Amino acid sequence: MPKILEVRNVSKHFQLHVQNNKRIAALEDVSFDMEQGEILGLTGKSGSGKSSLMKCIYRTYLVNSGSLVLHTAARGPIDLATATEHQVLAVRKTEMFYCSQFLSVIPRVPAVDVVAESLTRKGRSIEEAQAIARDLLDKLGLPRELWDAFPATFSGGEQQRVNIARAIIAAPRFLLVDEPTASLDTKTKDVVIDLVLALKTQGTSVVLITHDQHTLDRMAERRLHLELGRVRELATV
53 MPKILEVRNV
63 SKHFQLHVQN
73 NKRIAALEDV
83 SFDMEQGEIL
93 GLTGKSGSGK
103 SSLMKCIYRT
113 YLVNSGSLVL
123 HTAARGPIDL
133 ATATEHQVLA
143 VRKTEMFYCS
153 QFLSVIPRVP
163 AVDVVAESLT
173 RKGRSIEEAQ
183 AIARDLLDKL
193 GLPRELWDAF
203 PATFSGGEQQ
213 RVNIARAIIA
223 APRFLLVDEP
233 TASLDTKTKD
243 VVIDLVLALK
253 TQGTSVVLIT
263 HDQHTLDRMA
273 ERRLHLELGR
283 VRELATV
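According to the numbering used here, the sequence shown is numbered sequentially starting from 53.
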């Protein structure tokens, strides 16, 4: 399979100005490749650099050194370490989606519209997008009476259902997911896993962070284990 991501010698440091410019190393000389359609699990203890690496790939963080080349369908290879903001926004709009642990949405927008928005941005009609969103929310077990309610009022598990639905509805080519099943019951966890695995069969590549062993075992084909910001192991499951 062709490569979709090539990470080379990535380092990320934080300068704590309130602590006499203390330097914290989040990532040190991280390198790995991903193939298109692969699911890669990031493992390691809290503070090992998993979330920092994911945010560097999404370009929430700028790396201090190294390269992160994403092979896009529309624009060819783009180094996310040096890409312009315009290029990054274009890639996020068309090919890459980041699903964090926490739902962050505009207040007073119904859950069905939060989920449908990823499709309407790609040109689907609001009616068609809402129909697909309702079907997805139903599969994820969100009660129907909440579909037109505001997610800010939901429980953690209900918000997570909305967050997952929003991430997968448009079948992004490259998906970053941080703890997708943490607040879910076992049945819903398996629904989420099955939905993501279905995306994989369509060619979606996934970077996954999870502390749930069941989710990791079912989803990840390879695991990149981090310790203190460094790669300690890259292994096929």
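Here a beta-carbon is modelled for each residue, glycine too, at the ideal position from N, C-alpha and C. Just so it is clear, the structure is predicted and the values come from calculations on it, not from any experiment.
Paired residues, beta bridge with residue i - DSSP
| i | result |
| --- | --- |
| residue 129 | 123 |
| residue 175 | Residue 175 is not bridged to any residue. |
| residue 288 | 274 |
| residue 77 | 65 |
| residue 87 | 55 |
7 Å CB neighbourhood of residue i in its chain, flanking five on each side removed
| i | result |
| --- | --- |
| residue 66 | 76 and 78 |
| residue 116 | 63, 64 and 65 |
| residue 217 | 167, 185, 188, 189 and 192 |
| residue 201 | 162 and 163 |
| residue 174 | 222 |
Boundaries of the alpha helix (DSSP H) in which residue i is found, first to last residue
| i | result |
| --- | --- |
| residue 257 | That residue, residue 257, is in no alpha helix (DSSP H); its beta strand (DSSP E) goes 257–261. |
Span separating the alpha-carbon of residue i from that of residue j
| i | j | result |
| --- | --- | --- |
| residue 280 | residue 134 | 25 Å |
| residue 251 | residue 223 | 6 Å |
| residue 113 | residue 260 | 18 Å |
| residue 262 | residue 156 | 19 Å |
| residue 7 | residue 204 | Summary: the structure shown does not reach residue 7, with the chain confined to residues 53 through 289, and so no result is reported for it. |
| residue 165 | residue 212 | 15 Å |
| residue 95 | residue 277 | 5 Å |
| residue 170 | residue 240 | 22 Å |
| residue 257 | residue 248 | 10 Å |
Host beta strand (DSSP E) of residue i (start-end)
| i | result |
| --- | --- |
| residue 95 | 91–95 |
| residue 215 | No beta strand (DSSP E) contains residue 215, which is instead part of the alpha helix (DSSP H) from 208–220. |
| residue 148 | 148–151 |
| residue 229 | 226–230 |
Residues near residue i in its chain [Cβ-Cβ closer than 6 Å; skip 5 each side]
| i | result |
| --- | --- |
| residue 288 | 274 |
Own chain, CB closer than 8 Å to residue i, minus 5 neighbours either side, in chain order
| i | result |
| --- | --- |
| residue 139 | 127 and 130 |
Where residue i falls, given that 16 or more other Cβ within 10 Å makes a residue buried
| i | result |
| --- | --- |
| residue 271 | buried |
| residue 74 | exposed |
| residue 284 | exposed |
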